[in-house]
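Numbering-wise, the working numbering comes out as the position in the sequence shown, counting from 1, plus 2. Cβ atoms here follow ideal geometry from the backbone N, Cα and C, with glycine treated the same way. Here the structure is a predicted model, which is why all the values come from computation and not from measurement.
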Amino acid sequence: MKFTIQSGAAEKQRCECAVVGVFEGGQLSAAAQGMDRASKGFISALLKRGDFSAKAGETLLLHALAQAPAPRVVLVGCGKRDEFKDAQYRKAVAAAVKAARAGGAKDAVIYLTEMEITGRDSRWNLRQAALAANDALYRFDQLKSEKNNARKLAKVVFNIASRALKSAQQGLREGLAVADGVKLAKDLGNLPSNVCTPSYLAAQARGLQKQYAKLKVTVLEARDMERLGMGALLAVARGAREPAKLITLEYRGGAKAGKPVVLVGKGVTFDTGGISIKSAANMDEMKYDMSGAGSVLGTLAACAALKLPLNVVGVIPATENMPGSNAVKPGDIVTSLSGQTIEILNTDAEGRLILCDALTYSERFKPEVVIDIATLTGACVVALGKHPSGLLGNDQPLAAALQSAGEESGDRVWPLPLWDEYQEQLKSNFADMSNVGGREAGTITAACFLWRFTKKFRWAHLDVAGTAYQTGNNKGSTGRPVPLLTQYLINRCAKQKVASRK
Ligand code: BES
Ligand code: MN
Ligand code: ZN
Numbered sequence: 003m004k005f006t007i008q009s010g011a012a013e014k015q016r017c018e019c020a021v022v023g024v025f026e027g028g029q030l031s032a033a034a035q036g037m038d039r040a041s042k043g044f045i046s047a048l049l050k051r052g053d054f055s056a057k058a059g060e061t062l063l064l065h066a067l068a069q070a071p072a073p074r075v076v077l078v079g080c081g082k083r084d085e086f087k088d089a090q091y092r093k094a095v096a097a098a099v100k101a102a103r104a105g106g107a108k109d110a111v112i113y114l115t116e117m118e119i120t121g122r123d124s125r126w127n128l129r130q131a132a133l134a135a136n137d138a139l140y141r142f143d144q145l146k147s148e149k150n151n152a153r154k155l156a157k158v159v160f161n162i163a164s165r166a167l168k169s170a171q172q173g174l175r176e177g178l179a180v181a182d183g184v185k186l187a188k189d190l191g192n193l194p195s196n197v198c199t200p201s202y203l204a205a206q207a208r209g210l211q212k213q214y215a216k217l218k219v220t221v222l223e224a225r226d227m228e229r230l231g232m233g234a235l236l237a238v239a240r241g242a243r244e245p246a247k248l249i250t251l252e253y254r255g256g257a258k259a260g261k262p263v264v265l266v267g268k269g270v271t272f273d274t275g276g277i278s279i280k281s282a283a284n285m286d287e288m289k290y291d292m293s294g295a296g297s298v299l300g301t302l303a304a305c306a307a308l309k310l311p312l313n314v315v316g317v318i319p320a321t322e323n324m325p326g327s328n329a330v331k332p333g334d335i336v337t338s339l340s341g342q343t344i345e346i347l348n349t350d351a352e353g354r355l356i357l358c359d360a361l362t363y364s365e366r367f368k369p370e371v372v373i374d375i376a377t378l379t380g381a382c383v384v385a386l387g388k389h390p391s392g393l394l395g396n397d398q399p400l401a402a403a404l405q406s407a408g409e410e411s412g413d414r415v416w417p418l419p420l421w422d423e424y425q426e427q428l429k430s431n432f433a434d435m436s437n438v439g440g441r442e443a444g445t446i447t448a449a450c451f452l453w454r455f456t457k458k459f460r461w462a463h464l465d466v467a468g469t470a471y472q473t474g475n476n477k478g479s480t481g482r483p484v485p486l487l488t489q490y491l492i493n494r495c496a497k498q499k500v501a502s503r504k
């Protein structure tokens with residue numbers, strides 16, 4: 003799909019499909035007004051008759067509208083004018099491209115991008131439009147023998163006021179790079195675990211290294227991890243035939259001595275639970291247990307594509323969690339890379355075991371901040387549902403920056419308390435700590451466990467169990483939190499720029 007920007011009047015731009023916004027109550031966007039004038043009031047008459055509700059995300063395809071410059075004109079509902087905000091805008095853009103594709107158009111001009119959204123500029127409008135459009139058009143049919151080869155929408159043009167062209171261009175560039183990162187994360191998530199193994203993730207990382215000169219990849223094997231003393235990560239890997247990998251991606255786009263942002267992504271390519279085996283229902287969804295890893299790969303790809311002027315390191319502990327005659331057993335005690343010992347009371351709490359060693363490993367990069375991303379607890383889905391990712395950590399400014407990047411990108415997070423009091427739940431009679439904290443506050447005790455390995459740096463933890471993928475009829479990876487992480491990094495670059503001017 004090709005995405006471009008242009009600036010023109012809706013009633014004059016020739017194309018296969020023109021998409022204009024209308025509001026509830028019969029109000030028209032500027033572009034819809036233009037079409038309405040050209041068609042001698044056809045659209046306003048239609049709305050007056052009550053033929054279209056204009057609720058956010060509803061569409062109506064008009065064929066052969068008299069005097070229109072396009073054989074197809076799509077009306078997109080934007081809801082009530084004073085409620086037209088971020089979420090309604092994204093919904094409208096997603097509906098617009100879907101309607102254009104379903105209508106059979108090969109190209110479409112979308113006029114929603116020129117609409118005013120309170121508090122947002124054209125750069126934001128375009129960034130979000132690129133993301134919403136790509137998200138809506140995404141399909142995963144790599145593994146279907148019959149591809150969907152209906153007539154293809156091949157080109158989308160976003161229309162924008164001419165004075166805003168420069169900022170819109172920047173927004174589109176960002177949006178497309180992030181969308182590519184999201185697509186990578188989605189594809190990796192959707193691939194089944196017999197394809198997307200730890201070795202496959204390592205090969206993907208090496209593929210990115212080939213693509214981008216400033217990206218360096220190293221992969222540690224089990225014997226390397228043994229030498230280092232990663233007893234917690236290796237305990238999880240024991241039950242699997244598939245070899246575990248510790249993948250590191252170093253993107254050096256900033257100053258040589260600039261401390262990096264380190265992103266640590268949980269890469270359990272399939273989580274059976276191990277000896278503490280999970281029940282059968284929906285176990286297939288545990289192929290998504292490497293979504294944190296996928297988001298790290300997607301974010302690093304976006305950083306490299308955008309040539310962001312900062313240093314970012316990705317660390318991905320990758321393994322399966324399998325039962326087997328060599329698997330770790332409940333009650334086993336292991337020594338982590340940090341030297342702290344762990345009694346593994348439940349082998350299904352494996353994410354924290356691989357993350358704790360990866361977090362300790364991150365110290366060697368002298369990080370500015372460390373952010374880990376993990377489908378860590380079912381409890382997070384119970385607490386927050388599927389809208390925000392859970393946010394915990396040991397640094398308030400970092401948490402605030404992530405929360406605001408979440409609002410800006412629409413890929414939101416919500417804080418949970420990380421308090422010392424919860425640490426008691428991790429007490430073990432036989433080791434420094436247990437790997438589970440009981441029934442109460444499961445997301446918080448999981449974060450408390452990680453907290454014990456993050457004392458040497460500023461750190462945030464994102465529990466994406468509810469947000470990384472959708473279940474049910476729309477089962478599939480969301481590519482989250484790639485939009486959040488890239489927005490956070492883009493904002494860091496902007497801050498850096500302001501600081502250097504002072
Ligand atoms: N990968 C799961 C968490 C998960 C569950 C993600 C459901 C998405 C949907 C994780 O490894 C796990 O099994 N966590 C356990 C922890 C428990 C044993 C303390 C859980 O959440 O039940
Ligand atoms: Mn598990
Ligand atoms: Zn897991």
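Use the C-beta contact count for residue i: other C-beta atoms within 10 angstroms, 16 or more gives buried, fewer gives exposed.
i	result
Arg366	exposed
Glu26	buried
Arg225	exposed
Asn431	exposed
Arg243	exposed
Leu452	buried
Trp421	exposed
Asp53	exposed
Ser391	buried
Glu118	exposed
Arg240	buried
Leu145	exposed
Gly209	exposed
Lys168	exposed
Asp84	exposed
Ala56	buried
With a CB to CB cut of under 6 Å and the five nearest residues on each side skipped, what residues in its chain are close to residue i?
i	result
Ala207	Val219, Ile249, Leu251
Pro311	Gly255, Gly256, Cys495
Phe86	Cys80
Arg460	Val371, Asp397, Leu400
Val315	Glu252, Pro262, Val264, Phe367
Ala89	none
Gln427	Gly439, Gly440, Thr447
Gln489	Ala407, Glu410, Ser411
Using a threshold of 8 Å, state whether the C-beta atoms of residue i and residue j are closer than that.
i	j	result
Ala58	Lys93	yes
Gly267	Asn323	no
Asp291	Thr199	no
Val484	Val180	yes
Pro534	Pro262	The chain is shown from 3 up to 504; residue 534 falls before or after that span and cannot be answered.
Phe2	Ala68	Here the chain comprises residues numbered 3 to 504, so residue 2 is not present and cannot be evaluated.
Gly114	Met3	Correcting the residue identity first, residue 114 is Leu in this sequence and not Gly. No. Outside cutoff.
Leu386	Gly468	yes
Cys450	Tyr424	yes
Val75	Ile112	no
Lys247	Glu223	yes
Lys185	Asn136	yes
Glu345	Ser436	yes
Gly183	Gln130	no
Ala187	Gly296	yes
Ile356	Pro319	yes
Gly105	Cys17	no
Excluding the five sequence neighbours on either side, which residues of its own chain have a C-beta within less than 8 Å of the C-beta of residue i, listed in chain order?
i	result
Glu287	Tyr471, Thr473, Lys477
Ser406	Asn493
Asp350	Asp273, Gly275, Gly276, Ser278, Ile279, Lys280, Asn323
What residues in its chain sit with their C-beta under 7 Å from that of residue i, if we drop five residues either side in the sequence?
i	result
Ile361	It is Leu, not Ile, that sits at residue 361 in the sequence shown. Hits under 7 Å: Val266, Val372, Asp374, Leu452, Phe455, Thr456.
Lys309	Gly255
Leu230	Leu339
Glu352	Val238, Val270, Asp273, Gly276, Asn323
His463	Asp374, Leu394, Gly395, Ala449, Leu452
Pull up the CB-CB distance for residue i and residue j, whole angstroms please, since I reckon it's below 8 Å.
i	j	result
Ala33	Leu63	That pair is no contact at about 16 Å.
Val21	Ser31	At roughly 10 Å, the Cβ-Cβ gap does not stay under 8 Å, so Val21 and Ser31 are not in contact.
Gly173	Leu128	3 Å
Gln15	Pro73	Rounded, the Cβ-Cβ distance is 13 Å, inconsistent with contact.
Lys50	Gly28	6 Å
Ala306	Tyr214	4 Å
Met232	Asp359	4 Å
Thr61	Ala96	In fact, because the Cβ distance is near 10 Å, the residues do not count as touching under 8 Å.
Handout entry: Inter-stretch contact at 8 Å, needing at least 3 Cβ pairs: the region 329-336 / the region 223-240
Key = yes
Handout entry: Three or more C-beta pairs below 8 Å linking the region 156-166 and the region 5-23
Key = yes
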